[in-house]
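Reading through the structure tokens given below for one structure.
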Ligand SMILES: Cc1cc2nc3c(=O)[nH]c(=O)nc-3n(C[C@H](O)[C@H](O)[C@H](O)COP(=O)(O)O)c2cc1C
């Protein structure tokens with residue numbers, strides 16, 4: 254696929270759409286290498302990742318449920334907790350995404366978040382090119398997981414990247430506002 258086709262075929266593919274099948278470690282290494290090639294102001298390279306595969310996914314799922322409970326107290330529901338566990342089970346791999354401010358705070362935080370999002374886009378497009386299903390989830394309860402991830406004060410979880418095998422023939426594209434309505438041309 255050329256770059257236009259890859260961008261066009263990229264989709265958020267949710268764990269409910271994943272089928273049984275293994276994502277190879279060699280692919281995950283390529284994915285992370287591509288993430289690491291993202292642009293970054295002043296070369297701060299703020300992103301880092303923690304990969305959960307196999308049994309470690311169960312541990313992660315338990316912690317997600319615990320954090321969801323902590324955040325929502327009496328408003329948490331059994332259905333949502335079941336969904337969290339099911340999503341982790343259906344995924345072959347979950348990559349947790351983090352951002353670290355550089356010690357000099359030489360660029361504003363939004364630029365570090367933007368750089369990490371560009372690393373995520375690199376991963377997302379790589380998945381599209383290799384026909385691997387994935388999506389970026391940013392649940393509120395991730396703020397309660399700092400201890401589990403052993404994060405320092407200047408580090409922040411920016412969500413979870415779920416990955417799985419899927420049948421790309423089944424995925425429909427979503428309707429977008431035409432770019433003509435969002436562009437002002439100046440000559
Ligand atoms: C920063 C960011 C955060 C996202 N967080 C969530 C999320 O928490 N839950 C979710 O279902 N999708 C999430 N998504 C995926 C979007 O819902 C998805 O990209 C959007 O519906 C467009 O669909 P497409 O990616 O297939 O074009 C997120 C996407 C981005 C860029």
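In this note's numbering, the protein residues as written are 254 to 440.
Every residue, glycine too, gets a C-beta built ideally from N, C-alpha and C.
Owing to the predicted nature of the structure, the values given are computational and were not obtained by experimental measurement.
What's the C-alpha gap between residue i and residue j?
i, j, result
"residue 386", "residue 259", "13 Å"
"residue 288", "residue 434", "31 Å"
"residue 401", "residue 333", "20 Å"
"residue 398", "residue 440", "50 Å"
"residue 328", "residue 430", "36 Å"
"residue 417", "residue 326", "31 Å"
"residue 384", "residue 307", "21 Å"
"residue 254", "residue 324", "43 Å"
"residue 379", "residue 404", "27 Å"
"residue 406", "residue 365", "15 Å"
"residue 419", "residue 271", "5 Å"
"residue 341", "residue 310", "6 Å"
"residue 393", "residue 436", "32 Å"
"residue 344", "residue 318", "16 Å"
Considering only residues of the same chain and omitting the five flanking positions on each side of residue i, which have a CB-CB separation below 7 Å?
i, result
"residue 301", "351, 353"
"residue 371", "291, 292"
Can you have a look at residue i and say buried or exposed, based on whether 16 or more other CB atoms are within 10 angstroms of its CB?
i, result
"residue 264", "buried"
"residue 375", "buried"
"residue 438", "exposed"
"residue 396", "exposed"
"residue 363", "exposed"
"residue 268", "buried"
I want to check one thing, is the minimum distance from the CB of residue i to the heavy atoms of ligand 1 below 7 Å?
i, result
"residue 390", "yes"
"residue 386", "no"
"residue 417", "no"
"residue 412", "yes"
"residue 427", "yes"
"residue 370", "yes"
"residue 265", "yes"
In its own chain, which residues sit with a C-beta less than 6 Å from the C-beta of residue i, not counting the 5 before and 5 after it?
i, result
"residue 348", "302, 304, 414"
"residue 391", "412"
Would you say residue i lies against chain D (beta-carbon separation less than 8 Å)?
i, result
"residue 340", "This model lacks chain D altogether; it includes just one protein chain."
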